[in-house]
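Taken in order, these protein sequences are the chains called A and B. Position 115 (the first sequence) corresponds to 115 in my numbering; numbering is contiguous. Position 36 (the second sequence) corresponds to 1036 in my numbering; numbering is contiguous. A virtual CB, placed ideally from N, CA and C, is assigned to each residue, including glycine.
There are 2 protein chains.
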Amino acid sequence: MAIETSGETPRKILANAESLFAEYGLNGVSLRQITSRAGVNLAAVNYHYYDKEALCREIITNRLRAINATRLDELTQAEARLDGSPVPLDEILGIMARPLFLSGSDPSNYNASSRRLLGRIFSEPLPFAAEILATELQPVMTRFGQAIRRHAPSLSPQDFLWRYSLVVGAMHHAMATLHDMKARTNGVCRNDDPQSALSNFMVFAAQAFAC
Amino acid sequence: MAIETSGETPRKILANAESLFAEYGLNGVSLRQITSRAGVNLAAVNYHYYDKEALCREIITNRLRAINATRLDELTQAEARLDGSPVPLDEILGIMARPLFLSGSDPSNYNASSRRLLGRIFSEPLPFAAEILATELQPVMTRFGQAIRRHAPSLSPQDFLWRYSLVVGAMHHAMATLHDMKARTNGVCRNDDPQSALSNFMVFAAQAFAC
DNA sequence: AAATGTTTTAAACACCAGTATCACACAAGC
DNA sequence: GCTTGTGTGATACTGGTGTTTAAAACATTT
């Protein structure tokens, strides 16, 4: 009579937790909300993930790792292919942004929820979130910064990093607001349209480093 | 023996709540933390502000109103002075960003905490925060969007709003990360340097609407 | 078929949050 | 002088949180 089967419970927890976290923030969601929506027992979270924090880490780190692996892969390939000469700016920006905005190559159900959650992480006040960003994201961003740097040699180190920080901030902010673009634009733009976001980000970011 | 005096309590609550909210987020801070740091009684919050939510509203709305009043004032003056011909893009962007990044003309102690708090609001998941933004900020942003629009007539309505949204997102993200720039840039940029943030944002934003 | 390891369940626990209560201090006013 | 009203103070209350427990159910293996 019990509905299901072997290892479904952790998957259900992850999926429902992710979408709830995306909408209400990490400490805006209780384990009871998660487990009741997932149709599993409250204790299942502590059994399968030890902790609420560990559950959060799992969700965030999974997504970030997949995206960053794709990014580093593609950038490394592009650099190898061009054999020392700089990768074009548009290509760098595309490699940086596309895995974040679109599903990417991983087969998991990357969707609007995970985008919104990732966009939210960057202003999440919880210490462990900052720690995840520092270890998982910072190195990747530094690497892309170096690649982009070659296209803006006339900027001072400070000005370049300010510029780069603004670009990255715009990207993350876009991720967090994709779901609400219609209301923010009085109905002109569509909600959950990462393709438009990506193409606009590309031209936007390229201009930020022009001269 | 009681330390103090007449109407100091509300002010102490506001100041300490603001800096705590800026650091740990709205529901990352308890009233007990606020009142103990402020050196006032726990019940003082409910006495002077009815609610925790009302306290948050008060803090956020105060700051937003002051900034937006300055913005609208200056934009209206510039438009009147130019008598119908478009206000230069740089000037619009400066009017939009300066009151947010710098102290502005209001005499209150606008500081790093309030910047960080305002930068955080935009990704705060609490419903009443979104409501404050919709009523307090959205109209102002629409107004500035219209002013900027005249400098990017060739963009489609959708593309313009995407571009504008990215620029505004970068601005807000910068507000939220000003306090942490040193760590994010491996020591190259300084922490809490709104002047650098502003000047870099200005050239950055201007280029976003070029052609 | 019995035994073993794994997962699920319901209930309880300890804790901390926001809020409400009620007594007290102390000023100004008739 | 006494009262009234405003602010303060310590404390209690109610509800929700993450977590733990121990028993039951299940699957798997021998």
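Under 7 Å between C-beta atoms of residue i and residue j
i, j, result
"Ala1206(B)", "Leu1178(B)", "no"
"Leu118(A)", "Arg63(A)", "yes"
"Glu74(A)", "Val87(A)", "no"
"Phe101(A)", "Ala1208(B)", "no"
"Ser123(A)", "Ser1123(B)", "yes"
"Thr1035(B)", "Leu161(A)", "no"
"Ala44(A)", "Thr9(A)", "yes"
"Asn41(A)", "Val140(A)", "no"
"Ile1060(B)", "Ile1132(B)", "yes"
"Met1202(B)", "Cys1189(B)", "no"
Start-to-end residues for the alpha helix (DSSP H) that takes in residue i
i, result
"Phe209(A)", "From DSSP, Phe209(A) is part of no alpha helix (DSSP H); its letter is neither H nor E."
"Asp180(A)", "That residue, Asp180(A), is in no alpha helix (DSSP H); it is neither H nor E in DSSP."
"His48(A)", "43-49"
"Asp1090(B)", "1089-1101"
"Val1140(B)", "1138-1149"
"Pro1125(B)", "Pro1125(B) -> no alpha helix (DSSP H), and no H or E assigned at all."
"Pro86(A)", "Looking at the DSSP string, Pro86(A) is not in any alpha helix (DSSP H), and its letter there is neither H nor E."
"Arg1190(B)", "Taken as a continuous stretch (DSSP letters only), Arg1190(B) belongs to no alpha helix (DSSP H), as it is neither H nor E."
"Asn111(A)", "Where Asn111(A) is concerned, there is no enclosing alpha helix (DSSP H), given that its DSSP letter is neither H nor E."
"Thr135(A)", "Taken as a continuous stretch (DSSP letters only), Thr135(A) belongs to no alpha helix (DSSP H), as it is neither H nor E."
"Phe153(A)", "Going by the sequence as given, residue 153(A) is Pro instead of Phe. It is not in any alpha helix (DSSP H) - Pro153(A) carries neither H nor E in the DSSP assignment."
"Asn16(A)", "8-24"
"Asn1062(B)", "1052-1082"
"Ser1036(B)", "1031-1038"
Residue from the options with nearest C-alpha to residue i
i, options, result
"Asn1200(B)", "Arg150(A), Asp159(A), Phe101(A)", "Asp159(A)"
"Phe1021(B)", "Asn1041(B), Thr1135(B), Tyr1049(B), Leu1055(B)", "Leu1055(B)"
"Ser1085(B)", "Ile1013(B), Arg1150(B), Ala1174(B), Ser1154(B)", "Arg1150(B)"
"Arg11(A)", "Met202(A), Val29(A), Arg37(A)", "Arg37(A)"
"Ala1183(B)", "His173(A), Ser165(A), Asn191(A), Ala183(A)", "Ser165(A)"
"Arg57(A)", "Thr135(A), Ala210(A), Gly187(A)", "Thr135(A)"
"Met96(A)", "Ala147(A), Tyr49(A), Ala130(A), Ala15(A)", "Ala147(A)"
"Leu31(A)", "Ser156(A), Gln77(A), Leu89(A), Ala17(A)", "Ala17(A)"
"Tyr47(A)", "Gly7(A), Gly25(A), His173(A), Asp192(A)", "Gly7(A)"
"Gly94(A)", "Tyr49(A), Ala15(A), Pro153(A), Val167(A)", "Val167(A)"
"Pro194(A)", "Pro99(A), Ser19(A), Arg120(A), Gln33(A)", "Pro99(A)"
"Ala1130(B)", "Gly1039(B), Glu1053(B), Tyr1049(B)", "Glu1053(B)"
"Gly187(A)", "Thr1142(B), Asn1191(B), Ala1152(B)", "Thr1142(B)"
"Ala152(A)", "Gln33(A), Leu89(A), Arg120(A)", "Leu89(A)"
"Glu23(A)", "Ser156(A), Ile121(A), Ser154(A)", "Ile121(A)"
"Ala1210(B)", "Ser1154(B), Asn1191(B), Asp1192(B)", "Ser1154(B)"
"Ala15(A)", "Asn111(A), Tyr50(A), Pro157(A)", "Asn111(A)"
Beta-carbon separation (whole angstroms), residue i vs residue j, contact threshold 8 Å
i, j, result
"Arg116(A)", "Met175(A)", "7 Å"
"Leu1126(B)", "Asn1027(B)", "7 Å"
"Ile1092(B)", "Phe1144(B)", "6 Å"
"Gly25(A)", "His1173(B)", "Not confirmed; about 17 Å, so no contact."
Listed in chain order, which residues of the stretch 50-84 of chain A have Cβ atoms closer than 7 Å to some Cβ of chain B?
none
Output, in sequence order along the chain, the residues in the stretch 1012-1034 of chain B whose CB is closer than 8 Å to any CB in chain A.
Glu1023, Tyr1024, Gly1025, Asn1027, Gly1028
By the 7 Å beta-carbon criterion, what residues does the stretch 151-163 of chain A contribute toward chain B?
Pro157, Gln158, Asp159, Leu161, Trp162, Arg163
Residues from the stretch 1164-1177 of chain B in contact with chain A, defined by Cβ distance under 9 Å:
Tyr1164, Ser1165, Leu1166, Val1167, Val1168, Gly1169, Ala1170, Met1171, His1172, His1173, Ala1174, Ala1176, Thr1177
Interface positions of the stretch 121-132 of chain A facing chain B (Cβ-Cβ less than 8 Å), listed along the chain:
Phe122, Ser123, Glu124, Pro125, Leu126
Of all the residues that make up the stretch 1198-1211 of chain B, which are near chain A by a beta-carbon distance shorter than 7 Å?
Asn1200, Phe1201, Phe1204, Gln1207, Ala1208, Ala1210
Please list the residues of the stretch 177-191 of chain A that have a C-beta atom closer than 9 Å to any C-beta atom in chain B, keeping them in chain order.
Thr177, Asp180, Met181, Ala183, Arg184, Thr185, Asn186, Val188, Cys189, Arg190
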